[in-house]
Amino acid sequence: MTDRDTLLALNQAFYRAFTNRDTAAMEALWAETLPISCIHPGWTALFGRDAVLTSWRDVLRAPSGITVEARNERVTLHGDTALVVCEETLGDAVLAATNLFAREKGSWRLAHHQAGPIAPARANVETPAKPPRRLH
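The sequence shown: position 81 = 119 (the numbering used here), numbered continuously.
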């Protein structure tokens, strides 16, 4: 399995843990010794394993029943770090998300997650008329 395949599988495991509200699976994905951070939509930045994992316990404990899925995943490798940029779908909502992974003791671990809303596409945007052509 390539690093890219491993990272895509880990990214999917993150969203599976989120959907299943599986706290143990979520905690297992995050780095244990590297500095970690997280920015949930509308929240301030959280730093450190205790703060990040406490926030995920709170998020996963909340009754939602919403399936969270990743789509349009793109992996970029940067040595021992990698970004997975994707879109999260939560019901009808779509968010842009960045998941930063880093090698910790030889294994890829999640070091940062950030998600925020994407503005809805404007369906009826008028195309500006072409300016009149000058003939001189």
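From the three backbone atoms N, C-alpha and C, an ideal C-beta is built for every residue, glycine too.
None of the values given here were measured: they were computed from a predicted structure.
With burial defined as no fewer than 16 other Cβ atoms inside 10 Å of the residue's Cβ, what is the status of isoleucine 104: buried or exposed?
-> exposed
If we ignore side chains and look at the alpha-carbon of each, how far apart do proline 79 and cysteine 124 end up?
-> 15 angstroms
Determine the direct distance from the alpha carbon of alanine 135 to that of histidine 151, and round the result to whole angstroms.
-> 7 angstroms
Taking C-alpha atoms, which residue in Ala131, Phe139, Trp146 and Thr57 lies nearest to aspartate 158?
-> Correcting the residue type first, residue 158 is proline in the shown sequence and not aspartate. The option with the nearest alpha carbon to proline 158 is Ala131.
Under the rule that 16 or more other beta-carbon atoms within 10 Å means buried, what is alanine 62, buried or exposed?
-> exposed
Can you tell which of Arg42, Ala51 and Met39 has the C-alpha that lies nearest to the C-alpha of glutamate 107?
-> Ala51
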